């Protein structure tokens with residue numbers, strides 16, 4: 029079997045969440061995306077901004093968003109204004125938005141305030157204002173659930189690309 033090679037332009041997936049939440053899951057998601065292949069080709073690359081070596085988080089986010097085709101927002105019990113700003117920037121840029129709500133199994137007293145802010149953002153901004161679908165997953169189902177939605181989104185991107193090529197051939 030031939031080793032997989034990258035396609036000419038990788039589909040960049042920006043993974044966004046509170047830095048201190050879902051660390052292991054985000055690392056596993058990045059590894060799964062970076063190693064996924066189709067027809068013996070690597071098609072995607074995941075971006076975790078905190079893995080960049082830059083000194084300015086805002087500049088790193090802007091750089092990652094510039095290249096991203098898919099934004100994966102993962103929201104749990106910790107509110108992060110930086111994550112909200114990443115979402116808003118991705119929406120403004122027309123990047124495909126995949127939003128995941130991962131509610132805690134039980135709400136500890138210290139999590140309630142952060143979770144309430146997360147729920148308010150998801151309901152008022154994402155669902156009502158932006159009319160964006162939110163997938164609610166259990167933490168144990170995160171990796172497979174998110175990868176499935178990414179696969180569906182990549183299939184749509186490929187289909188749109190084929191449609192564009194058909195139009196240009198005519």
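Numbering (the working numbering), first residue to last: 29 to 198. Positions of the beta carbon are idealized from the N, C-alpha and C atoms, including for glycine. Since the structure is predicted, the reported quantities are computational estimates derived from the model, not experimental observations.
When DSSP states are grouped into helix, strand and coil, residue 122 belongs to the coil group. In the structure shown, residue 65 adopts extended strand secondary structure according to DSSP, grouped into three states.
Between the segment 92-107 and the segment 47-55 there are three or more C-beta pairs closer than 8 Å, enough to call the two in contact. Residue 161 sits close to residue 127, with the two beta carbons spaced by under 9 Å. Listed as beta-bridge partners of residue 72 by DSSP are 39. Annotation: the continuous beta strand (DSSP E) that includes residue 101 extends over 96-103.
Residue 57 sits buried, since 16 or more C-beta atoms from the chains shown fall within 10 Å of its C-beta. DSSP lists 129 as the bridge partner or partners of residue 164. Between residue 97 and residue 40 a beta carbon distance of about 6 Å is seen, short of the 8 Å cut, so the two are scored as contacting. Leaving aside the five residues that flank residue 45 on each side, the residues in its chain whose CB is nearer than 8 Å to its CB run, in chain order, 54, 101, 102, 103, 104, 108, 111. The Cβ atoms of residue 129 and residue 183 lie no closer than 9 Å to each other. In the DSSP secondary-structure assignment, residue 44 is bridged to 101.
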